[in-house]
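Engineer: In our numbering, the protein residues as written are 4 to 221.
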């Protein structure tokens, strides 16, 4: 990647961080930008927790969600970090009586390319992109340009299993006369699609359904 490109992304990154606002009161608040020890064993080796949230659940229980970015193995040691390949996972943890387990996981809900993520991204810099309630989690992906817009995926827990509950995309394009058109796509379960387990979620698989929901917005 060129130095100019790196500088542009770095400036955009600083602008986003400077204008971030706190999420609603129902969403878990980050407090100190740390990750609790109980979540440590579930972070892939070398992974960086780019977002984390937790909420108290009924009884002696707690639900935790974290977004983790990890450098893929077997890449050249001298590879430019900007050109390296990463994986990004959205992981749901459940602590019941001191026993922590993975309740849900998706390797496709988070865009590794996008979200203004730099190679030296720090811990929990995207907390404001992650919303968590006891039985629902949403991650919002910000793409690299205003035209590419944003996308969000929500997962809900039912009978102890997490599944896709909603998907939204907002973006812009040029109209037939050269003007800019803003568009929105939004689908939800079970109105627009059948049951999709969190582990099986693939954005490409819902692309056609998303396109059918497309509307022009002001």
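For glycine and all other residues, C-beta sits at the position ideal for the given N, C-alpha and C.
1. Can you round the beta-carbon distance between residue 84 and residue 122 to whole angstroms, since I take them to be within the 8 Å contact cut?
2. Mapping DSSP to helix, strand and coil, what is residue 174?
3. Sort out for me which residues DSSP pairs residue 65 with in a bridge.
4. Could you give the distance in angstroms between the alpha-carbon of residue 92 and the alpha-carbon of residue 76?
5. Measure how close the beta-carbons of residue 168 and residue 139 come, nearest whole angstrom, since I'm counting them as under 8 Å.
6. From the DSSP output, in three-state form, read off residue 45 for me.
7. When you compare each of 211, 97, 125, 193 to residue 63 by their alpha carbons, which one comes out closest?
8. On the DSSP bridge assignment, give the partners of residue 114 in chain order.
9. Quick check: what's the CA-CA separation for residue 57 versus residue 153?
10. Am I right that residue 129 and residue 54 are in contact with their C-beta atoms under 8 Å? What's the rounded C-beta distance?
11. Helix, strand or coil for residue 154 per DSSP?
12. Rounded to whole angstroms, what's the CA-CA distance from residue 150 to residue 59? Just pull it up for me.
Structural biologist: Per the coordinate set shown:
1. As a first step, residue 84 must be located in the chain shown, where it is residue number 81. As a first step, residue 122 must be located in the chain shown, where it is residue number 119. Sure, about 3 Å apart at Cβ, within 8 Å.
2. For this step, residue 174 is matched to residue 171 along the chain shown. In this structure, residue 174 counts as strand in the three-state DSSP scheme.
3. As a working mapping, residue 65 is identified with position 62 in the chain shown. DSSP lists 59, 98 as partners of residue 65.
4. Along the chain shown, one-based indexing puts residue 92 at 89. Along the chain shown, one-based indexing puts residue 76 at 73. The alpha-carbon atoms of residue 92 and residue 76 are separated by roughly 15 Å.
5. Taking the first residue of the chain shown as position 1, residue 168 is located at position 165. Taking the first residue of the chain shown as position 1, residue 139 is located at position 136. With 8 Å as the limit, residue 168 and residue 139 qualify as a contact, their Cβ atoms being about 7 Å apart.
6. The count along the chain shown starts at 1 and reaches residue 45 at position 42. Residue state, collapsed to three classes: helix.
7. Numbered from its first residue, the chain shown carries residue 63 at position 60. Cα-wise, what sits closest to residue 63 is 97.
8. Looking up residue 114 in the chain shown gives position 111. In DSSP, residue 114 forms no bridge with anything.
9. Locating residue 57 in the chain shown gives position 54, where the first residue counts as 1. Locating residue 153 in the chain shown gives position 150, where the first residue counts as 1. Rounded to whole angstroms, residue 57 to residue 153 spans 24 Å at the Cα level.
10. Here residue 129 is taken as the residue at index 126 of the chain shown, counted from 1. Here residue 54 is taken as the residue at index 51 of the chain shown, counted from 1. Indeed they touch by this definition, with Cβ atoms about 4 Å apart.
11. Numbered from its first residue, the chain shown carries residue 154 at position 151. The answer is strand: DSSP assigns residue 154 an E or B state.
12. On the chain shown, position 147 is the one that residue 150 refers to. On the chain shown, position 56 is the one that residue 59 refers to. Near 38 Å, if we compare the C-alpha coordinates of residue 59 and residue 150.
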